[in-house]
Amino acid sequence: MVEKFDAIVIGAGPSGNAATYTLAKQGLKVLQLERGEYPGAKNVQGGIMYAHELEKIIPDFRDDCPTERHIIEQRVWLLGDDNYVGTNYRSEAFNTDRPNRYTIIRANIDKWWGEQIRKVGGLQICETTVTELIRDPSGKVTGVRTDREGGEIHADVVIMADGVNALLAKRAGLQAEAAPENVALAVKEILFIDPELIQQRFGIKEDEGVVIEIMGKVTKGMVGTAFLYTNKESLTIGIGCLISDFKNGDCPPYRMLEDLKNHPVIKPLIEGAEMKEYAAHMIPEGGYKAVPQLYGDGWMVVGDAAHFNNAAHREGSNLAMASGRMAAETVIELKAAGKGYSASNLAAYKKKLDDSFVMKDLKKYRELPGIMHGNKQFFGAYPDEITAAAHNWFTVDSVDKKTKEKAIMKAFVKRRSVMGLVGDAIKLVRAVR
Amino acid sequence: MSIMVKVEEKLYQNRYIVDESRPHIQIKSAEACQTCEKQACTFCCPAACYSRNETGGVTLVTDGCLECGTCRVVCQDKGNIAWDYPRGGYGISYKFG
Ligand SMILES: Cc1cc2nc3c(=O)[nH]c(=O)nc-3n(C[C@H](O)[C@H](O)[C@H](O)COP(=O)(O)OP(=O)(O)OC[C@H]3O[C@@H](n4cnc5c(N)ncnc54)[C@H](O)[C@@H]3O)c2cc1C
Ligand code: SF4
Ligand code: SF4
Numbered sequence: 416m417v418e419k420f421d422a423i424v425i426g427a428g429p430s431g432n433a434a435t436y437t438l439a440k441q442g443l444k445v446l447q448l449e450r451g452e453y454p455g456a457k458n459v460q461g462g463i464m465y466a467h468e469l470e471k472i473i474p475d476f477r478d479d480c481p482t483e484r485h486i487i488e489q490r491v492w493l494l495g496d497d498n499y500v501g502t503n504y505r506s507e508a509f510n511t512d513r514p515n516r517y518t519i520i521r522a523n524i525d526k527w528w529g530e531q532i533r534k535v536g537g538l539q540i541c542e543t544t545v546t547e548l549i550r551d552p553s554g555k556v557t558g559v560r561t562d563r564e565g566g567e568i569h570a571d572v573v574i575m576a577d578g579v580n581a582l583l584a585k586r587a588g589l590q591a592e593a594a595p596e597n598v599a600l601a602v603k604e605i606l607f608i609d610p611e612l613i614q615q616r617f618g619i620k621e622d623e624g625v626v627i628e629i630m631g632k633v634t635k636g637m638v639g640t641a642f643l644y645t646n647k648e649s650l651t652i653g654i655g656c657l658i659s660d661f662k663n664g665d666c667p668p669y670r671m672l673e674d675l676k677n678h679p680v681i682k683p684l685i686e687g688a689e690m691k692e693y694a695a696h697m698i699p700e701g702g703y704k705a706v707p708q709l710y711g712d713g714w715m716v717v718g719d720a721a722h723f724n725n726a727a728h729r730e731g732s733n734l735a736m737a738s739g740r741m742a743a744e745t746v747i748e749l750k751a752a753g754k755g756y757s758a759s760n761l762a763a764y765k766k767k768l769d770d771s772f773v774m775k776d777l778k779k780y781r782e783l784p785g786i787m788h789g790n791k792q793f794f795g796a797y798p799d800e801i802t803a804a805a806h807n808w809f810t811v812d813s814v815d816k817k818t819k820e821k822a823i824m825k826a827f828v829k830r831r832s833v834m835g836l837v838g839d840a841i842k843l844v845r846a847v848r
Numbered sequence: 089m090s091i092m093v094k095v096e097e098k099l100y101q102n103r104y105i106v107d108e109s110r111p112h113i114q115i116k117s118a119e120a121c122q123t124c125e126k127q128a129c130t131f132c133c134p135a136a137c138y139s140r141n142e143t144g145g146v147t148l149v150t151d152g153c154l155e156c157g158t159c160r161v162v163c164q165d166k167g168n169i170a171w172d173y174p175r176g177g178y179g180i181s182y183k184f185g
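Protein chains in written order, with the numbering used here: chain A, 416 to 848; chain B, 89 to 185.
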């Protein structure tokens, strides 16, 4: 391979796919390299896919994109030891021609992207691991080395879309190793089950989906969340916590997942389902403050590799697609203007990000990771108190309501001082405001 | 409430394309593991690839590795893990992900 490309994209996840597709569609000569046996072979998502960002790139994706169910109901549950308190939001308005959120099976989506890329003339090559960036004496990135024989390939610009491990940027000294408190480890299983049972248990029709976001005792006081999503013929269940907490605890992730599956509130929902795959993946959760250098001479970094993930809203793939698209648009604009891909020219990519929801949302929640990390009561004491309060409130006995209110408040304050409670409320409001 | 769980049974469901005798992750110094206080890799790895051995150190078997990167992040203060991806096409191959 002595060919030269306009651009090389490393990785076939949503960020790399958005970048490759956008470049190929504009007629640029683009090569996408993926280490998996096929696109998706290495990838893990819950997964909820948000339509908006995909629509911007492929407006009629609904014609053939293999989504599972469109989401008509979202539940947020706080689990105690054998109970839960929760909120549900369900609306007929989500039953439209153009739903906004779908559950997906990630490997199916990545394969579909591969077909879309081929249709617009992009070249996607799998089973190829990029081992390092090639740089000229000035430090400018001019191509990549792969683990294939004679595997040096050159391009005018290289887009790193290689996901949360971001080994290439780290090896080249362009990014530091992620701190354990800035990355979560999530484990998940896919459980196959009769679709009729899914529909009965979750109160939905064919094609309609329910997602449950879970917090509480199941993370054993660690900063983390869990989820249970409905696919067409399967359920996905998973749980993830900050790696710093796994490191300080002694509960292996698979045990945490097993305990979640056996929780008395969860168990009846997944009863009888057959486990067909167990997966693990990291999620970048350090937020705004953990975002690394995003561009330099001849290179840009997009998606999880750039730490673009909004943990508060469980959004990752949409930030990945948006950043991939913006990196591609930067390349297209510079090429059209006859300009090169120097760091100062590629600063336009950062500007696009700053002006978009990607950076604006990350900035808005910039204090949240620190607050969650430094305030374990959100994951330890509160679930107990809140479920106990609900239990007290909904137990019909001869205690008057005012006395109940007082007892509930007293229980909270016993665990944590009034100032502590007020402080927590303020911290949370500030972090999400 | 913790129940005993065999991670091998979970991993058994997965598809791997094994690159015989080319482990992609290696422990740099066996001695460093013997003096490592928490040996956090042994309970953080989601595939239980690391286990305590009779010498007081840690043995790594990468067969069930899910290529998540957690061990590298966990051991970064000791820097005792040489972490790489498997060769293109090898390793875990998720059917669903
Ligand atoms: C359990 C879990 C649940 C999630 N749930 C959701 C959700 O519900 N909704 C949501 O929007 N997001 C969710 N996310 C986040 C989302 O999956 C990620 O944000 C998204 O996949 C990031 O896309 P990416 O393209 O940047 O990286 P990835 O999807 O990780 O893709 C990177 C690609 O690069 C390849 N690669 C890496 N290194 C090399 C190399 N050296 N050479 C060649 N190829 C390489 C990899 O094989 C991979 O295909 C979830 C994540 C996890 C782990
Ligand atoms: S954390 Fe690192 S140094 Fe410690 S036992 Fe594991 S591999 Fe060895
Ligand atoms: S990469 Fe993940 S699965 Fe593989 S050995 Fe390290 S922690 Fe375990």
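All C-beta atoms in this analysis are idealised placements derived from N, C-alpha and C, irrespective of residue type, glycine included.
Residue environment, residue i, which counts as buried when at least 16 other CB atoms sit within 10 Å
{"i": "SER738 of chain A", "result": "buried"}
{"i": "LYS474 of chain A", "result": "For clarity, residue 474 of chain A is Pro in the given sequence; the question names Lys instead. With fewer than 16 other Cβ atoms within 10 Å, it is exposed."}
{"i": "VAL683 of chain A", "result": "Sequence inspection shows Pro at residue 683 of chain A; the Val mentioned does not correspond to that position. It counts as exposed."}
{"i": "GLN615 of chain A", "result": "exposed"}
{"i": "VAL146 of chain B", "result": "buried"}
{"i": "MET89 of chain B", "result": "At MET89 of chain B the pLDDT is 44, less than 50, meaning the model places this residue with poor confidence; the figure from the coordinates comes in the next sentence. Classification for MET89 of chain B: exposed."}
{"i": "ASN733 of chain A", "result": "buried"}
{"i": "ASP479 of chain A", "result": "exposed"}
{"i": "LYS750 of chain A", "result": "buried"}
{"i": "ARG484 of chain A", "result": "buried"}
{"i": "TYR402 of chain A", "result": "Coverage of chain A is limited to positions 416 through 848, which leaves residue 402 of chain A absent and any answer about it impossible."}
{"i": "PHE184 of chain B", "result": "buried"}
{"i": "HIS467 of chain A", "result": "exposed"}
{"i": "GLN539 of chain A", "result": "buried"}
{"i": "GLU604 of chain A", "result": "buried"}
{"i": "VAL424 of chain A", "result": "buried"}
{"i": "ASN141 of chain B", "result": "exposed"}
{"i": "ASN725 of chain A", "result": "buried"}
Cβ-Cβ distance between residue i and residue j below 7 Å
{"i": "GLU542 of chain A", "j": "GLY177 of chain B", "result": "yes"}
{"i": "VAL400 of chain A", "j": "ILE619 of chain A", "result": "For residue 400 of chain A there is no data in the structure shown, the boundaries of chain A being 416 and 848."}
{"i": "VAL547 of chain A", "j": "ARG513 of chain A", "result": "What sits at residue 547 of chain A in the sequence shown is Glu, not Val. Not closer than 7 Å, so no."}
{"i": "GLY713 of chain A", "j": "VAL572 of chain A", "result": "yes"}
{"i": "ALA576 of chain A", "j": "GLY718 of chain A", "result": "yes"}
{"i": "LEU783 of chain A", "j": "ILE629 of chain A", "result": "no"}
{"i": "VAL773 of chain A", "j": "MET697 of chain A", "result": "no"}
{"i": "ALA695 of chain A", "j": "LEU154 of chain B", "result": "yes"}
{"i": "PHE607 of chain A", "j": "SER649 of chain A", "result": "yes"}
{"i": "ALA439 of chain A", "j": "GLY558 of chain A", "result": "no"}
{"i": "PRO699 of chain A", "j": "ILE658 of chain A", "result": "no"}
{"i": "GLY382 of chain A", "j": "PHE642 of chain A", "result": "Any property of residue 382 of chain A remains undetermined from this structure, which presents chain A solely from 416 to 848."}
{"i": "LYS457 of chain A", "j": "PHE420 of chain A", "result": "no"}
{"i": "HIS722 of chain A", "j": "VAL706 of chain A", "result": "yes"}
{"i": "ALA433 of chain A", "j": "GLN447 of chain A", "result": "no"}
{"i": "GLY455 of chain A", "j": "ASP525 of chain A", "result": "yes"}
{"i": "THR645 of chain A", "j": "ILE613 of chain A", "result": "yes"}
{"i": "GLY636 of chain A", "j": "LYS765 of chain A", "result": "no"}
{"i": "ALA856 of chain A", "j": "VAL746 of chain A", "result": "Residue 856 of chain A cannot be examined here, being either before or after the span of chain A that is shown, 416 to 848."}
Residue-chain proximity (residue i, chain C), Cβ-Cβ < 7 Å
{"i": "LEU600 of chain A", "result": "As a matter of chain content, chain C is missing from the structure shown, whose protein chains are A and B."}
> Listed from N- to C-terminal order along the chain, which residues in the region 134-168 of chain B have their beta-carbon within a distance smaller than 8 Å of any beta-carbon of chain A?
Replying inline: PRO134, ALA135, ALA136, LEU154, GLU155, CYS156, GLY157, THR158, ARG160, VAL161, VAL162, GLN164
> Taking the runs of the alpha helix (DSSP H) that are 4 residues or longer, which of them lie wholly in the region 725-776 of chain A?
Replying inline: 732-751, 758-769
> If you measure beta-carbon to beta-carbon, which residues of the region 790-813 of chain A are closer than 9 Å to chain B?
Replying inline: none
> Using a beta-carbon distance cut-off of less than 7 Å, what residues from the region 97-116 of chain B approach chain A?
Replying inline: LYS98, LEU99, GLN101, ASN102, ILE105
> If you scan the region 504-565 of chain A from start to end, which runs of the alpha helix (DSSP H) of 4 or more residues do you find wholly inside it?
Replying inline: 521-534
> Using the beta carbon as the reference atom, which residues fall closer than 5 Å to any heavy atom of ligand 3, ordered along the chain?
Replying inline: B:CYS133, B:ALA135, B:CYS137, B:CYS153, B:LEU154, B:CYS156, B:THR158, B:CYS159
> Which residues, in order along the region 678-703 of chain A, keep a beta-carbon less than 7 Å from a beta-carbon of chain B?
Replying inline: MET690, LYS691, GLU692, TYR693, ALA694, ALA695, HIS696, MET697
>> Taking beta-carbon pairs under 7 Å, can you tell me which members of the region 634-646 of chain A lie near chain B?
In response: none
>> Please identify, using Cβ separations under 9 Å, the residues of the region 450-462 of chain A that lie next to chain B, in order along the chain.
In response: ARG450, GLY451, GLU452, TYR453, GLY455, ALA456, LYS457, ASN458, VAL459, GLN460, GLY462
> Can you list, in chain order, the stretches of the alpha helix (DSSP H) that have 4 or more residues and sit fully within the region 586-649 of chain A?
Replying inline: 610-617
>> Which runs of the alpha helix (DSSP H) at least 4 residues long sit entirely within the region 638-724 of chain A? Give them in chain order.
In response: 658-663, 668-676, 682-685
> Which residues, in order along the region 775-790 of chain A, keep a beta-carbon less than 9 Å from a beta-carbon of chain B?
Replying inline: none
>> My parser needs the alpha helix (DSSP H) runs of 4 or more residues fully inside the region 457-495 of chain A; what are they?
In response: 466-472
> Mind listing which residues of the region 564-592 of chain A have their C-beta closer than 8 Å to chain B's C-betas, in chain order?
Replying inline: VAL579, ASN580, LEU582, GLU592
> Going along the region 120-133 of chain B in order, which residues come within less than 8 Å of chain A, judged by CB to CB distance?
Replying inline: LYS126, ALA128, PHE131, CYS132, CYS133
> Which residues, taken in chain order from the region 543-555 of chain A, show a beta carbon closer than 8 Å to some beta carbon of chain B?
Replying inline: THR543, THR544
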